[in-house]
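Let me begin by presenting the structure, written as C-alpha cells, before commenting on it.
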Ligand SMILES: [Zn+2]
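Residue numbers (the numbering used here): 28 to 325.
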C-alpha cells in the first residue's frame with residue numbers, strides 16, 4: 028500500500044503523535060498505539076527524511092518506508108490494508124520514530140543517524156522523558172517483585188503452550204505495560220499456533236482426499252483393463268467369425284461353379300449329335316440288326 032499526503036513538516040521527527048493522529052483513521056491510530064506499547068515496531072534506518080522499519084502485525088511481518096519529500100509525506104507498506112491515508116503499520120512506525128527521536132531532539136537540533144538514537148527503554152535516559160518511556164526509578168520495587176513472581180509461571184506456560192497465569196493486578200505503570208506486551212506476544216503465538224493446527228488439519232483432509240482419488244483412479248484403471256481384455260476377446264471372436272464367413276462364401280462360390288459345370292454336362296448330354304446320342308444311336312442300330320438277324324426266315 029502506498030500513499031501520499033501533503034505535509035508541511037520539515038523533518039519527520041517534528042511529526043508528533045497529535046499531528047499523526049490528526050491525519051489518521053481513528054481505529055488505525057489506536058491499533059498503532061497498541062503495537063507501540065507491545066514493542067512490535069523495529070526501526071531499521073531513519074533520518075529526518077526517511078524511515079524504514081519492520082513491524083510484526085497480526086498477519087505476519089510487514090515492511091514500511093516513510094519519506095518526507097517536496098512537501099509530502101509518502102508512506103509505503105508491504106501490507107494490503109485499505110486504511111487511508113496511512114495504514115496502522117506506517118502510523119506505528121512514525122510514532123515509534125517520534126518516541127525514539129524525541130529525547131535526542133531536546134539535546135541536538137537534528138537526528139541524522141540511527142546510531143544517535145538511544146535504544147528504547149534505556150534506563151539511562153534523562154531530561155525530557157516522553158510518557159511512554161521510562162527510567163528504572165519509575166518502576167516500583169513491589170511491582171517489579173510481583174512481575175518477577177508472575178514471570179516464572181508465565182515463562183513455563185509459554186514454553187508448554189499453556190494459557191498464561193492471571194497477571195498481578197497493578198496500577199497502570201511500566202510493569203503493567205511489560206505484562207501487556209508479554210500477553211500480547213503470547214496471544215499472537217497462540218493465534219499462529221491455532222493457524223498452524225488449522226493448516227495441519229487442512230493438509231490432512233487434503234491428503235485423505237488425494238488418497239481417495241488415487242484409490243478411485245486405481246479402481247478405474249482396473250475396470251479399464253478388464254474392459255480391454257473383454258474387447259480383445261470380442262475382437263478375436265469377430266476375427267474367427269469373419270474367417271468362417273469367408274470359408275462359407277468360398278464354398279458357395281465353388282458350389283455355384285459346380286452347378287454350372289453340372290448344367291453344362293447335362294446340356295452336353297442332351298444335345299443332338301453329342302457322343303452320348305451317337306452312342307445311343309449305335310446301340311439302337313445294333314439292336315435293330317440283332318433283331319433282324321434273329322427274325323426267323325419266312
Ligand atoms: Zn501496513
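Glycine included, each C-beta is placed from N, C-alpha and C at the ideal position.
Taking the alpha helix (DSSP H) that residue i falls in, what are its first and last residues?
{"i": "residue 230", "result": "201-297"}
Within a Cβ cutoff of 8 angstroms, which residues of the same chain sit near residue i, ignoring the five residues on either side of it in sequence?
{"i": "residue 218", "result": "85"}
{"i": "residue 109", "result": "28"}
{"i": "residue 212", "result": "65"}
CA-CA distance, residue i and residue j?
{"i": "residue 92", "j": "residue 183", "result": "37 angstroms"}
{"i": "residue 168", "j": "residue 105", "result": "42 angstroms"}
{"i": "residue 50", "j": "residue 103", "result": "15 angstroms"}
{"i": "residue 62", "j": "residue 68", "result": "7 angstroms"}
{"i": "residue 39", "j": "residue 231", "result": "50 angstroms"}
{"i": "residue 234", "j": "residue 99", "result": "52 angstroms"}
{"i": "residue 203", "j": "residue 116", "result": "23 angstroms"}
{"i": "residue 58", "j": "residue 199", "result": "19 angstroms"}
{"i": "residue 125", "j": "residue 66", "result": "14 angstroms"}
{"i": "residue 73", "j": "residue 119", "result": "14 angstroms"}
{"i": "residue 303", "j": "residue 297", "result": "8 angstroms"}
{"i": "residue 291", "j": "residue 253", "result": "57 angstroms"}
{"i": "residue 242", "j": "residue 250", "result": "12 angstroms"}
{"i": "residue 266", "j": "residue 284", "result": "27 angstroms"}
{"i": "residue 46", "j": "residue 112", "result": "13 angstroms"}
{"i": "residue 42", "j": "residue 206", "result": "29 angstroms"}
{"i": "residue 166", "j": "residue 172", "result": "10 angstroms"}
{"i": "residue 187", "j": "residue 215", "result": "15 angstroms"}
{"i": "residue 77", "j": "residue 37", "result": "12 angstroms"}
{"i": "residue 89", "j": "residue 194", "result": "30 angstroms"}
I'd like the span of the beta strand (DSSP E) that includes residue i, first residue to last.
{"i": "residue 73", "result": "68-73"}
{"i": "residue 301", "result": "Unbroken run through residue 301: none, as it is neither H nor E."}
{"i": "residue 167", "result": "Looking at the DSSP string, residue 167 is not in any beta strand (DSSP E), and its letter there is neither H nor E."}
{"i": "residue 33", "result": "29-33"}
Consult DSSP for residue i and reduce its assignment to one of helix, strand or coil.
{"i": "residue 182", "result": "helix"}
{"i": "residue 96", "result": "strand"}
{"i": "residue 198", "result": "coil"}
{"i": "residue 133", "result": "Residue placement at residue 133 cannot be trusted, given a pLDDT of 48 that sits under 50; what the coordinates show is reported in the next sentence. It is helical."}
{"i": "residue 322", "result": "coil"}
{"i": "residue 189", "result": "coil"}
{"i": "residue 104", "result": "strand"}
{"i": "residue 123", "result": "helix"}
{"i": "residue 111", "result": "coil"}
{"i": "residue 173", "result": "helix"}
{"i": "residue 315", "result": "helix"}
{"i": "residue 153", "result": "Reliability fails at residue 153, whose pLDDT of 42 lies under 50, so the model's placement of it is uncertain and no value is given."}
{"i": "residue 145", "result": "Caution is warranted here: a pLDDT of 43 is assigned to residue 145, below 50, making its placement in the model unreliable, and the coordinate value is therefore given only provisionally. In this structure, residue 145 counts as coil in the three-state DSSP scheme."}
In chain order, what residues of the same chain lie with their CB nearer than 7 angstroms to the CB of residue i, ignoring the 5 residues before and after it?
{"i": "residue 181", "result": "191, 192 and 209"}
{"i": "residue 34", "result": "95, 98, 99 and 100"}
{"i": "residue 71", "result": "79, 80 and 81"}
{"i": "residue 31", "result": "99 and 101"}
Can you list, in chain order, the residues of its chain whose CB lies under 6 angstroms from that of residue i, leaving out five sequence neighbours each side?
{"i": "residue 197", "result": "170 and 203"}
{"i": "residue 174", "result": "202"}
{"i": "residue 220", "result": "none"}
{"i": "residue 147", "result": "The predicted model places residue 147 with a pLDDT of 43, which falls under 50 and marks its position as unreliable; any figure quoted below should be read in that light. Hits under 6 angstroms: none found."}
Can you find a CB in chain C that lies within less than 7 angstroms of the CB of residue i?
{"i": "residue 321", "result": "Going by chain labels, chain C is absent from the structure shown, which holds only one protein chain."}
Within the stretch 35-88, ranges of the beta strand (DSSP E) (whole runs, at least 3 residues): You should have 68-73 and 77-84.
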